[in-house]
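Numbered by the working numbering, the letters in the sequence shown go through residues -3 to 101 in order.
Think of the CB as a built atom: it goes at the ideal place given N, C-alpha and C, for glycine as much as any other residue.
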Amino acid sequence: MAKIPYKINIILKEYLKVLLNNSVPVETMILFGSYAKGTFHEWSDIDLAIVSTIFEGERIKDKNKIRHLTLSVSSDLEVFPYNPNTFINEDPFVYEILSTGIKVF
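This is how it looks when you write it as structure tokens:
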């Protein structure tokens, strides 16, 4: 696990604050991908899994629910929304997130 760069940490804290202030009940937020692995570069996006009861399990629909909030913080955020019932180890992608990610909330 890599150390989260200061600039990214500020974005993550601001995003969490925006979500919570707009009644999005965040249960878990995990940074994964290149920023969690320490392999990021200038054009890397910020891969972020968010677990919340507001999400229904339909990725595009769920992303659209918070798109305006996401873009108000950073266009570099690439959000992967999950309902608590779908964020399970048996899903290979979730397993990768849990194995290599950094829990930020």
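Subject >> Pick from P88, A45 and I93 that is closest to E74, judged by C-alpha positions >> reply: A45
Subject >> Buried versus exposed, by CB contacts within 10 Å (16 or more), G34 >> reply: exposed
Original post:
For L65 versus V14, is the C-beta distance shorter than 7 Å?
Top reply: yes
Subject >> Residue of R63, S19 and M(-3) minimising C-alpha distance to I50 >> reply: S19
Subject >> Residues near F28 in its chain [Cβ-Cβ closer than 8 Å; skip 5 each side] >> reply: D43, L44, A45, E92, I93, T96, G97 and I98
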